[in-house]
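Single-structure report; data block below.
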Amino acid sequence: MYGSLTHRLESQQDSFQNQSHTDHPNCFVCQPHRPFGLRMAYEPQPDGSVLAHMDCPKLWQGYPGMVHGGIIASILDGAMTHCLFARQVSGVTADLHVRYRHPLLLSEPATVTAKVTRVMSPVYVLEAEIVQQDIVRCTATGKFMDRRFAQEDQYK
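With the working numbering applied, the sequence shown corresponds to residues 933 to 1088, in that order.
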C-alpha cells in the first residue's frame, strides 16, 4: 500500500516539475538557472497544496532589514501558480490581493504555502501565506484563469 502511494506521489512530483519547466522555462520566480532570480522551489503536498522554504537573503531587501514588497508578491503569486501546476492546470493571474501583516525579515528562514479554495472553471481562487518565526507575515488571495481560456492575442 505505501509503495503505491509513494510511487503516485513521485509521479505527481515529476509531472509537477515538468509542467513548471515547460510552462515557465525562464521564470524569474521559480527557475533555478536564473542568476538573479528568486529560485523558489515549490513542492506539491499530498493535500494538493504547495510549500516552499526560503532564507530571505539580503539581496531581496526593500527597506533596511525587510524583504521588498514586490518580491513578497512575486513569491505568493508563484506559490499559487504552482498550486495550479499540481492540478495540471496552467493559469495566469487575473487578480492578486496581498496583505502585508508584519515585516518579512531578511536573513531569517520562512515558509510559503498555497492552496486552492474555490474552482469555477476556468477560474480558480487560491490563498497563500508566508510564515516566519511562527508569525503569519503576509497573506494573498488570487484569482487565476486557466491559460487555455485566456485570449492569447493579449500577450503578443
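Built from N, CA and C at the ideal position, the CB exists for glycine as well.
TODO: Can you tell me which of the three DSSP states Asp-955 falls into?
DONE: Helix.
Task: Where Phe-968 falls: helix, strand or coil (DSSP) - done: coil
Open item on the list: Taking the straight line between their C-alpha atoms, what separation do you get for Thr-1049 and Leu-1037?
Closed with: 28 Å
Open item on the list: Quick check on His-1014: does DSSP put it in helix, strand or coil?
Closed with: helix
Open item on the list: Just list the residues that DSSP pairs Tyr-1056 with in beta bridges.
Closed with: Beta-bridge partners assigned by DSSP to Tyr-1056: Val-1051 and Phe-1076.
Task: The beta strand (DSSP E) enclosing Val-1021, as first and last residue numbers - done: Val-1021 -> no beta strand (DSSP E), and no H or E assigned at all.
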